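*Asks:* Numbers given in the numbering used here equal positions in the sequence shown, counted from 1, plus 16.
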Amino acid sequence: MKSKAYLISPSSHFLKSLANFLRSEINLRHPEATKHWVIFSTKRAALFFKYYLLQKEKGHSFFLPKILSWEEFLKELYLQITPAPRLFLPEGGKILIFLQTLPSIGIHWEEPEKLLFWGARFLEVFEEFEKEGKIPQDLLYPPETLPEQAKYLFERLSKSYKAYKEHLKRLGISFPSEILSNLRENLSPERIPLNLIKGLYFAGFVALREGERAFLREIMKYFEEKDLPLLFFFEDNPNSPHPLIKKTLNDLALTYAGLPRFYLEQEEREPKVFLFSFPEQESEMQKLREHFEGYQI
Numbered sequence: 017m018k019s020k021a022y023l024i025s026p027s028s029h030f031l032k033s034l035a036n037f038l039r040s041e042i043n044l045r046h047p048e049a050t051k052h053w054v055i056f057s058t059k060r061a062a063l064f065f066k067y068y069l070l071q072k073e074k075g076h077s078f079f080l081p082k083i084l085s086w087e088e089f090l091k092e093l094y095l096q097i098t099p100a101p102r103l104f105l106p107e108g109g110k111i112l113i114f115l116q117t118l119p120s121i122g123i124h125w126e127e128p129e130k131l132l133f134w135g136a137r138f139l140e141v142f143e144e145f146e147k148e149g150k151i152p153q154d155l156l157y158p159p160e161t162l163p164e165q166a167k168y169l170f171e172r173l174s175k176s177y178k179a180y181k182e183h184l185k186r187l188g189i190s191f192p193s194e195i196l197s198n199l200r201e202n203l204s205p206e207r208i209p210l211n212l213i214k215g216l217y218f219a220g221f222v223a224l225r226e227g228e229r230a231f232l233r234e235i236m237k238y239f240e241e242k243d244l245p246l247l248f249f250f251e252d253n254p255n256s257p258h259p260l261i262k263k264t265l266n267d268l269a270l271t272y273a274g275l276p277r278f279y280l281e282q283e284e285r286e287p288k289v290f291l292f293s294f295p296e297q298e299s300e301m302q303k304l305r306e307h308f309e310g311y312q313i
């Protein structure tokens, strides 16, 4: 089954229209419904979608699909496909792990606390490179205006990154922001838990980074080979998609169509006018002058 995308018109309620479609796509009366995973870009959208789906099935017994945010999906899949999952620590611990690796690449400082600021900045650089699926390279000629600690790290950027990743591997730990790169390292056709996933539905994913695109393309390939549904949903005009959405469709080689009209749900709204009062500087100063009239200062 070829992966494809549906565009839901902005004049319709995106989540309610999506719920209408998936209720027809997935048999919610069958236990297999729990093996259909619906993935949203944010946890908030996932919670609202679950609420709307529950409202539509109110008074009926049914099996709920697995509804996850992107971060929850990555973590769940990582735990399923990795033989020995790493322990995930809070993001705040990254800087301490990074500082531990510096002596192994010849960086010794009598006052390591001076490296805290630049170490945190370099970890942000590492994270951006990982999202693009790349390894940072050394900067041979860092700007002269940088402090010596920063220049020294820039000149050894690639070495410090590799040392940091190796140290994490030795310790058997990782952090939530690195889960995508860890997942891609362990991703293979035989490890995809197709016994637990019978369909994937992604809603609201636009302007993907290279690492995310590569990961999704791999997943799409496996699902197409097994003839399992994998669909994407976007909120946009099907007749003239926004350039960012069009780029996402092209990046993932997705064909698209408008969601059929009988799934679209529109809310009837009466026109409303809201009036708010708020302070305005000139009138407040005038009131202040009036208040102090007659006072001797």
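Ideal Cβ positions, reconstructed from N, Cα and C, are used throughout, including at glycine. Keep in mind the model is a prediction, meaning the values are calculated, not measured.
Short of 6 Å in beta carbon distance, which residues of its chain neighbour leucine 280, apart from the five on each side in sequence? Order them along the chain.
*Replies:* Excluding sequence neighbours, leucine 280 sits near Ser28, Ser33.
*Asks:* With a threshold of 8 Å on Cβ separation, who are the neighbours of arginine 229 within its own chain once the five nearest residues in sequence on each side are excluded?
*Replies:* Cβ within range, chain order: Asp267, Leu268.
*Asks:* Three or more beta-carbon pairs under 8 Å between the stretch 39-56 and the stretch 202-220, yes or no?
*Replies:* The stretch 39-56 is in contact with the stretch 202-220.
*Asks:* What three-state label does DSSP hand serine 77 in the structure shown?
*Replies:* Coil, per DSSP.
*Asks:* In chain order, what are the residue ranges of uninterrupted beta strand (DSSP E) at least 3 long that sit wholly in the stretch 165-191?
*Replies:* Correct list: empty.
*Asks:* Going by other Cβ atoms of all chains shown within 10 Å of its Cβ, with 16 needed for buried, is aspartate 243 buried or exposed?
*Replies:* Exposed, because fewer than 16 other Cβ atoms sit within 10 Å of the Cβ of aspartate 243.
*Asks:* Please list, in chain order, all residues of the same chain as lysine 175 whose beta carbon is under 8 Å from its beta carbon, the five residues on each side excluded.
*Replies:* Once the five neighbours on either side are set aside, the close Cβ partners of lysine 175 are Ile121, Asp154.
*Asks:* Three-state secondary structure (DSSP) at histidine 307?
*Replies:* Histidine 307: helix per DSSP, three-state reduction.
*Asks:* For the 8 Å Cβ check, are there 3 or more pairs between the stretch 59-78 and the stretch 300-311?
*Replies:* These segments do not touch.
*Asks:* Name the DSSP beta bridge partners of tyrosine 272, please?
*Replies:* In the DSSP output, where bridge partners are listed per residue, tyrosine 272 has Ala21.
*Asks:* Would you call the CB atoms of leucine 93 and leucine 162 closer than 8 Å?
*Replies:* No.
*Asks:* Output the residue ranges of the alpha helix (DSSP H) runs that lie fully inside the stretch 90-139 and measure 4 residues or longer, sorted by chain position.
*Replies:* Counting whole runs of 4 or more residues, the stretch 90-139 contains the alpha helix (DSSP H) stretches 110-117.
*Asks:* If you run the structure through DSSP and keep just helix, strand and coil, what is alanine 219?
*Replies:* The answer is strand: DSSP assigns alanine 219 an E or B state.
*Asks:* So which of Pro209, Leu156, Lys74, Leu304 has the shortest CA-CA distance to leucine 44?
*Replies:* The residue with the shortest Cα to Cα distance from leucine 44 is Lys74.
*Asks:* Using beta-carbon positions only, say whether isoleucine 195 and leucine 90 come within less than 8 Å of one another.
*Replies:* Going by C-beta atoms, isoleucine 195 is nearer than 8 Å to leucine 90.
*Asks:* In chain order, what residues of the same chain have a beta carbon less than 8 Å from the beta carbon of valine 141, not counting five sequence neighbours either side?
*Replies:* Excluding residues within five positions, the ones whose Cβ falls inside 8 Å are Pro152, Leu173.
*Asks:* Taking only three categories from DSSP, how would you classify leucine 260?
*Replies:* DSSP places leucine 260 in helix when its eight states are reduced to three.
*Asks:* Mind checking whether lysine 66 and leucine 270 have CB atoms under 8 Å apart?
*Replies:* In this structure, leucine 270 does not lie closer than 8 Å to lysine 66 by Cβ.
*Asks:* What does DSSP give as the partner residue(s) for tryptophan 86 in the beta ladder?
*Replies:* Its beta-bridge partners do not exist; DSSP assigns none.
*Asks:* Between glycine 227 and glutamate 143, which are expected to be in contact by the criterion C-beta below 8 Å, what is the C-beta distance as a whole number of angstroms?
*Replies:* 10 Å between Cβ atoms; not a contact.
*Asks:* What residues in its chain sit with their C-beta under 6 Å from that of glutamine 96, if we drop five residues either side in the sequence?
*Replies:* Correct list, in chain order: Pro209.
*Asks:* How far does the beta strand (DSSP E) with leucine 247 in it reach, from first residue to last?
*Replies:* That run of the beta strand (DSSP E) goes 246-251.
*Asks:* Which residue's Cα is closest to the Cα of leucine 112: Phe191, Tyr168, Phe78, Gly149?
*Replies:* Checked all of Phe191, Tyr168, Phe78, Gly149; the closest Cα to leucine 112 is Phe191.
*Asks:* Considering only residues of the same chain and omitting the five flanking positions on each side of tyrosine 22, which have a CB-CB separation below 8 Å?
*Replies:* So the qualifying residues of the chain are Phe37, Leu247, Phe248, Phe249, Phe250, Tyr272, Ala273, Gly274, Leu275.
*Asks:* Excluding the five sequence neighbours on either side, which residues of its own chain have a C-beta within less than 8 Å of the C-beta of tryptophan 134, listed in chain order?
*Replies:* Within the same chain, tryptophan 134 has close Cβ partners Pro163, Gln165, Ala166, Leu169.
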